[in-house]
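Student: I'd like to ask some things about the structure below.
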Amino acid sequence: MTGVGAEGIDHVSIAVVDLDGAVAFFTGVLGLRQTHVEVNEREGVSEVMLAGKSGEAQVQLISPVVVAGADASGGNLSGVAKFLSERGSAIHHLALEVADVEVAANAARAAGVRVLSETPLSGAKESKIVFLHPKDCHGVLIELVQLAN
Ligand code: V0V
Ligand code: CO
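For what it's worth, the working numbering labels the leading residue of the sequence shown as 60, then goes sequentially.
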């Protein structure tokens, strides 16, 4: 294995202001198929997974949901809400599949890349994920994903 040992693209994630409108566009106009919907409370996002032919990289649409503990003015919104308010709908991150996310995170650290959590987080479909700081990855927020067995 070289470095982090990325095995391929799991998903490309797009943060969107209008989740229903984006799903309608990516399915009805672009022709992808919706395969999964989930709310990730910790990340403060609703996520919809879309795929083309099986086995290919997926598209993930994410949109903020108000997380538990948010105040009435919505002060405790997710990072995705901040991203959208600064940039509008745009590509948000690139998720690369790895065999073992903890080994991969340590390899990233050894290469001087900031890993944004001490330990792996819960991702879609019971995957384990970590994020790498975009400033250490040529401007791209990278997610490393270890899929559930
Ligand atoms: C911020 N920056 C980005 C970025 N978000 N650059 C590229 N892509 C992004 N998505 C830039 C920002 O413009 C600043 O650049 C710089 O990084 C630092 O930004 P900041 O405002 O100081 O920091 P924050 O507070 O915006 O935090 C940014 C990071 C944060 C990336 C550290 O969003 C984070 O921890 N993200 C990981 C978790 C996450 O994104 N979860 C949502 C997806 P300048 O202005 O200084 O040049 S959850 C998911 O995908 C799941 C669950 C799944 O199953 O797949
Ligand atoms: Co993701």
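Glycine is no exception: its CB is placed at the ideal position from the N, C-alpha and C atoms.
Any residue with its C-beta under 6 Å from a non-hydrogen atom of ligand 2 counts. Can you list them all in chain order?
Tutor: Listed by chain position, these are His70, Ser72, Gln119, His152, Ala154 and Glu202.
Student: Going by C-alpha distance, which of Ala207, Ala170, Ser122 and Ala154 is nearest Val189?
Tutor: If we check each option's Cα against that of Val189, Ala154 comes out closest.
Student: Can you check whether the CB of Ser105 is closer than 8 Å to the CB of Ser122?
Tutor: Yes; because the gap between Cβ atoms is below 8 Å, this pair is in contact.
Student: From Gly133 to Ala183, what distance separates their C-alpha atoms?
Tutor: Residue placement at Gly133 cannot be trusted, given a pLDDT of 47 that sits under 50; what the coordinates show is reported in the next sentence. Near 25 Å, if we compare the C-alpha coordinates of Ala183 and Gly133.
Student: In the DSSP output, what is His95 paired with across the bridge?
Tutor: DSSP lists Met108 as partners of His95.
Student: If I measure Cβ to Cβ from Gly90 and keep anything under 8 Å in the same chain, skipping five residues before and after, which residues do I get?
Tutor: Closer than 8 Å at Cβ, skipping near neighbours: Gly111.
Student: Note down, in chain order, each residue of its chain lying with its Cβ closer than 8 Å to the Cβ of Thr86, except the 5 sequence neighbours on either side.
Tutor: Arg92, Gln93 and Leu109, listed in sequence order.
Student: With DSSP collapsed to three states, give me the class of Pro123.
Tutor: Three-state result, Pro123: strand.
Student: Could you tell me the distance, in whole angstroms, from the CA atom of Met60 to the CA atom of Val162?
Tutor: Computed Cα separation, rounded: 11 Å.
Student: Between Asn99 and ligand 1, is the CB less than 7 Å from at least one heavy atom?
Tutor: Yes, since a heavy atom of ligand 1 falls inside the 7 Å radius drawn around the Cβ of Asn99.
Student: From Pro193, Ser176, Gly147 and Asp159, pick the residue whose C-alpha is nearest to that of Glu102; which is it?
Tutor: Cα-wise, what sits closest to Glu102 is Ser176.
Student: Ordered along the chain, which non-local residues of its own chain (more than five positions away) have a Cβ less than 7 Å from that of Ala170?
Tutor: Contacts found: Gly62.
Student: In terms of DSSP beta bridges, what is Leu180 paired with?
Tutor: DSSP output for Leu180 lists Ile188 as bridge partner(s).
Student: I think Asp79 touches Glu156, with their Cβ atoms under 8 Å apart; what is that distance to the nearest whole Å?
Tutor: In fact, because the Cβ distance is near 28 Å, the residues do not count as touching under 8 Å.
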